[in-house]
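Okay, so here's the structure we're looking at.
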Amino acid sequence: MIPARRLGLLLLVAAPGCAGPRNYLGATGGPIAGKLAGFGWVVLGVALAVVVAVTGLLVAAIARHRHEPEAGGEPRRRGRGLGWIHWGGMIIPTVILVLLFFQSLGLLEQLAAAPRARVTIRLTSHRWWWDATYLAQDGRTLIPTANVLHIPAGEPVRLELETADVIHSFWIPALAGKTDLVPGQHNATWIQADTPGTYGGQCGEYCGQQHANMMLTVIAEPRAEYERWLAAEAAPAVEPAGGAAAEGAAVFAGRACAGCHTIRGTMARGRVGPDLTHLARRPTLAAGLLANSPANLATWIAAPQAVKPGAQMPHVPLPADELQALLAYLQSLQ
Ligand code: CUA
Numbered sequence: 318m319i320p321a322r323r324l325g326l327l328l329l330v331a332a333p334g335c336a337g338p339r340n341y342l343g344a345t346g347g348p349i350a351g352k353l354a355g356f357g358w359v360v361l362g363v364a365l366a367v368v369v370a371v372t373g374l375l376v377a378a379i380a381r382h383r384h385e386p387e388a389g390g391e392p393r394r395r396g397r398g399l400g401w402i403h404w405g406g407m408i409i410p411t412v413i414l415v416l417l418f419f420q421s422l423g424l425l426e427q428l429a430a431a432p433r434a435r436v437t438i439r440l441t442s443h444r445w446w447w448d449a450t451y452l453a454q455d456g457r458t459l460i461p462t463a464n465v466l467h468i469p470a471g472e473p474v475r476l477e478l479e480t481a482d483v484i485h486s487f488w489i490p491a492l493a494g495k496t497d498l499v500p501g502q503h504n505a506t507w508i509q510a511d512t513p514g515t516y517g518g519q520c521g522e523y524c525g526q527q528h529a530n531m532m533l534t535v536i537a538e539p540r541a542e543y544e545r546w547l548a549a550e551a552a553p554a555v556e557p558a559g560g561a562a563a564e565g566a567a568v569f570a571g572r573a574c575a576g577c578h579t580i581r582g583t584m585a586r587g588r589v590g591p592d593l594t595h596l597a598r599r600p601t602l603a604a605g606l607l608a609n610s611p612a613n614l615a616t617w618i619a620a621p622q623a624v625k626p627g628a629q630m631p632h633v634p635l636p637a638d639e640l641q642a643l644l645a646y647l648q649s650l651q
């Protein structure tokens with residue numbers, strides 16, 4: 318048993334976490350989220366009512382029988398209390414579970430009926446980051462990007478989900494429930510953000526050491542702004558005219574970075590890690606673990622295994638001047 322004081326402290330510590338971006342019960346970001354939150358409250362209410370009722374009955378039974386002798390007293394009447402077992406243990410739980418089951422089936426059917434979407438994104442999960450490819454209506458690839466999805470607000474967006482390794486789960490609590498990405502299987506889901514804003518997401522299925530640091534951000538913006546972003550993202554990287562950035566481009570190509578990363582418009586065509594063509598425009602690094610600042614970028618490149626142990630990003634020892642040039646180049650990738 319947890320003492321009451323410690324339980325109070327635990328609730329105090331846990332409560333602020335409930336109001337954060339992972340709070341699906343308060344999710345009002347879009348049509349799916351609202352329905353799921355409504356059903357979540359129903360299930361939570363029923364579960365709490367059951368806990369209160371069962372605890373009350375248990376306490377009442379203990380209070381009633383606490384003075385009875387343990388053995389050797391009056392022999393119990395056979396079959397006494399069987400009604401409690403039939404009703405409380407079988408009939409009532411069955412009715413509750415069947416009702417919730419059919420309600421959840423109805424909800425699943427509503428959510429599966431995806432409206433026609435003008436935006437389709439193929440999302441491929443890797444340990445531990447998200448590879449995103451925006452697709453044209455005819456299936457052509459528009460742009461590859463990673464870890465941050467821009468979507469137009471107020472309209473449905475279709476997501477095709479695949480995984481490059483193990484099972485992960487797509488989850489943007491404020492916008493939609495989880496959908497797994499399963500090896501060898503093509504899953505699909507859809508999201509919609511009613512209002513512009515930034516919505517935090519998280520891999521929802523344990524996938525190894527850095528599961529907790531496999532974040533995904535959705536930025537919903539008015540359609541015109543989204544289209545500007547898409548056009549800018551589709552453009553190849555601008556080759557630096559000279560100076561430190563140009564030296565950095567040579568470091569990137571010569572120091573194995575190009576073997577894993579693509580920078581469109583250059584010889585860097587690696588497909589192991591995220592596309593970095595417009596890295597400087599992304600708000601985060603390392604799948605949401607770090608804000609995209611010059612200092613964090615330097616830390617991430619200098620000691621990736623200290624920042625995100627187990628990640629595929631290797632430590633490439635660089636002399637200080639090469640590191641500075643590389644940083645100048647990466648920050649030029651607007
Ligand atoms: Cu990917 Cu957990």
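Each residue of the sequence shown is one higher than the one before, starting from 318 at the first, in the working numbering. Beta carbons are placed, not taken as given, at the ideal position from N, Cα and C, and that holds for glycine.
Supposed close pair residue i, residue j - CB separation, criterion 8 angstroms
i, j, result
"residue 640", "residue 619", "7 angstroms"
"residue 599", "residue 464", "7 angstroms"
"residue 346", "residue 516", "6 angstroms"
"residue 630", "residue 590", "7 angstroms"
"residue 470", "residue 511", "7 angstroms"
"residue 473", "residue 507", "5 angstroms"
"residue 496", "residue 441", "Actually they are not in contact, since the Cβ atoms of residue 496 and residue 441 sit about 14 angstroms apart, beyond 8 angstroms."
"residue 518", "residue 488", "6 angstroms"
"residue 417", "residue 363", "7 angstroms"
"residue 475", "residue 437", "4 angstroms"
"residue 484", "residue 522", "5 angstroms"
Under the three-state DSSP convention, the category residue i falls into
i, result
"residue 358", "helix"
"residue 622", "helix"
"residue 519", "strand"
"residue 485", "strand"
"residue 585", "coil"
"residue 465", "strand"
"residue 640", "helix"
"residue 407", "helix"
"residue 604", "coil"
"residue 436", "strand"
"residue 372", "helix"
"residue 425", "helix"
"residue 345", "coil"
"residue 537", "strand"
"residue 547", "helix"
"residue 400", "helix"
"residue 580", "coil"
"residue 635", "coil"
"residue 514", "strand"
"residue 365", "helix"
Residues near residue i by beta carbon distance below 8 angstroms, same chain, minus five either side
i, result
"residue 575", "569, 583, 584, 585, 586, 587"
"residue 342", "335, 354, 357, 358, 361"
"residue 601", "464, 465, 532, 534, 607, 608, 609"
"residue 530", "445, 603, 604, 605, 606, 625"
"residue 615", "640, 644"
"residue 597", "609, 647, 648, 649, 650, 651"
"residue 420", "356, 359"
Where residue i falls, given that 16 or more other Cβ within 10 Å makes a residue buried
i, result
"residue 468", "buried"
"residue 638", "exposed"
"residue 626", "exposed"
"residue 533", "buried"
"residue 490", "buried"
"residue 498", "buried"
"residue 330", "With a pLDDT of only 45 at residue 330, under the threshold of 50, the placement of this residue in the model should not be trusted; the figure read from the coordinates follows. The residue is exposed, with fewer than 16 neighbouring Cβ atoms inside 10 Å."
"residue 333", "In this prediction, residue 333 scores a pLDDT of 44, lower than 50, which makes its location untrustworthy; the coordinate-derived value is nonetheless stated afterwards. Residue 333 is exposed by the Cβ-count criterion."
"residue 543", "buried"
"residue 500", "exposed"
"residue 632", "exposed"
"residue 458", "exposed"
"residue 537", "buried"
"residue 486", "buried"
"residue 554", "buried"
DSSP beta-bridge partners of residue i
i, result
"residue 443", "446"
"residue 654", "The displayed coordinates of the chain run from 318 to 651. Any statement about residue 654 would go beyond what the structure contains."
"residue 504", "478"
"residue 493", "489"
"residue 451", "438, 460"
"residue 498", "485"
Residues near residue i by beta carbon distance below 6 angstroms, same chain, minus five either side
i, result
"residue 477", "439, 505"
"residue 319", "In this prediction, residue 319 scores a pLDDT of 48, lower than 50, which makes its location untrustworthy; the coordinate-derived value is nonetheless stated afterwards. So the list is empty, once near-sequence residues are dropped."
Same chain, Cβ closer than 7 angstroms to residue i, neighbours up to 5 away in sequence not counted
i, result
"residue 562", "645, 646, 649"
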